[in-house]
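Shown next, in structure tokens, is the structure this report addresses.
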Amino acid sequence: MNTSPAPILITGASQRVGLHCALRLLQDGQPVIVTYRSQRPGLEALREKGATLLFADLSSEAGILALITELKNRTQSLRAIVHNASEWLQESPGDEAAAFARMFGVHMLAPYLINLHCAELLQRSSPADIIHISDDVTRKGSSKHIAYCASKAGLDSLTLSFAAKYAPTIKVNGIAPALLLFNPDDDAAYRAKTLAKSALGIEPGSEVIYQSLRYLLDNPYVTGTTLTVNGGRHLK
433 MNTSPAPILI TGASQRVGLH CALRLLQDGQ PVIVTYRSQR PGLEALREKG ATLLFADLSS
493 EAGILALITE LKNRTQSLRA IVHNASEWLQ ESPGDEAAAF ARMFGVHMLA PYLINLHCAE
553 LLQRSSPADI IHISDDVTRK GSSKHIAYCA SKAGLDSLTL SFAAKYAPTI KVNGIAPALL
613 LFNPDDDAAY RAKTLAKSAL GIEPGSEVIY QSLRYLLDNP YVTGTTLTVN GGRHLK
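Residue numbering for the sequence shown follows my numbering, beginning at 433 and increasing consecutively.
Structure below.
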């Protein structure tokens, strides 16, 4: 595993998978900058381990640009940007446009603007990476969560476009996970139904994403690729 004095930016890493990856990077000796939108218990653990914490509302252009400005005030270089922030909203009748706009902001506009305006920070580090955390649902679409799926599919497209734009100085890749962690209130029937959707049939936890992240950071010959981490859902 290679570490760098330049920090890695992870967006939306105050809980669950993002928090786990940020803590693992810090454990490995890698400086980390984390963005958050809501106060959560995980932020204190990150602060104690030495992470830099930045508030950011990535659902609006103003919030995204404010983060970019603050980021440039905090660091002169970046080892990597991990676009982990995600929004899942119900597309309720009458609220469809607002839900779509918010998910578009978090999943597409934020990565797009951050990648464009922070490339100079990445280019001061070698190697340098951008990693988009997408979703396995983009593989086949979703009749129930159309806006969520569409905005994550757009993120997959950004992976290809930015990989072409920034080669060879910045590698750009994605990770597309399926189920990783159940919520505490998920009942037994839901858990069984969900586990049956994959060939491996397990709840893998957050570490599999950290392993994927490390692979992309450490491999010098992979760009424009999205890793599928779905337990074999495409085989069912």
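Beta carbons: idealized from backbone N, C-alpha and C, even for Gly.
Measuring only the C-alpha atoms, how far is residue i from residue j?
i      : j      : result
Lys576 : Gln447 : 25 Å
Thr591 : Glu480 : 33 Å
Ala560 : Leu659 : 18 Å
Asp527 : Ala582 : 17 Å
Thr443 : Cys453 : 11 Å
Ala595 : Leu587 : 12 Å
Pro525 : Ala531 : 10 Å
Lys584 : Pro437 : 31 Å
Leu455 : Leu645 : 13 Å
Glu523 : Ile641 : 28 Å
Ile602 : Ser557 : 9 Å
Asn651 : Asn434 : 10 Å
Gly537 : Val661 : 24 Å
Gln555 : Leu441 : 14 Å
Ser638 : Arg472 : 18 Å
Thr655 : Gln643 : 17 Å
Lys648 : Asp460 : Per the sequence shown, residue 648 should be read as Leu rather than Lys. Going by the C-alpha atoms only, they are around 16 Å apart.
Val449 : Arg623 : 19 Å
Lys572 : Ser470 : 31 Å
Tyr468 : Ile562 : 19 Å
Ala620 : Asn505 : 48 Å
Pro600 : Ile578 : 34 Å
Glu519 : Tyr653 : 31 Å
For residue i, which residues in the same chain have their Cβ closer than 6 Å to its Cβ, ignoring the five residues on either side in sequence?
i      : result
Leu499 : Ala488
Ile496 : Leu490, Ala542, Leu545
Pro463 : Pro439
Leu451 : Ala445, Gly474
Val466 : Ile442, Ala445, Ala454, Leu478, Ala483, Leu485
Ser574 : Cys581
For residue i versus residue j, is the C-beta distance shorter than 8 Å?
i      : j      : result
Thr507 : Pro439 : yes
Leu503 : Leu486 : yes
Leu410 : Ser509 : Coverage of the chain is limited to positions 433 through 668, which leaves residue 410 absent and any answer about it impossible.
Lys629 : Arg665 : yes
Ser566 : Ala517 : no
Arg534 : Leu548 : no
Grab me the residues of residue i's own chain with a C-beta within less than 7 Å of its C-beta, minus the 5 sequence neighbours each way, in chain order.
i      : result
Tyr598 : Ala551, Val604
Pro636 : Leu612, Gly663
His564 : His515, Pro543, Leu587, Leu590, Thr591, Gly606
Glu493 : Leu541
Leu667 : Ala631
Give the range of the alpha helix (DSSP H) segment to which residue i is assigned.
i      : result
Val640 : 639-650
Leu613 : Run containing Leu613: none; DSSP gives neither H nor E here.
By the 10 Å Cβ neighbour count, where 16 or more other Cβ atoms means buried, how is residue i classified, buried or exposed?
i      : result
Asn670 : With the chain running from 433 to 668 in the structure shown, residue 670 is simply not present.
Asp618 : exposed
Ala512 : buried
Asp568 : buried
Ala610 : buried
Ile634 : exposed
Ala529 : exposed
Tyr580 : buried
Kindly list the residues whose CB is nearer than 8 Å to the CB of residue i, restricted to its own chain and excluding five residues on each side of it in sequence; keep chain order.
i      : result
Leu632 : Gly663, Gly664
Leu458 : Val464, Leu478, Lys481, Gly482, Ala483
Leu627 : Leu611, Gly633, Ile634, Glu635
Tell me which residue opens and which closes the beta strand (DSSP E) that residue i is part of.
i      : result
Asn605 : 603-609
Tyr468 : 464-468
Ile440 : 440-442
Ile563 : 561-565
Val661 : 658-661
His515 : 512-515
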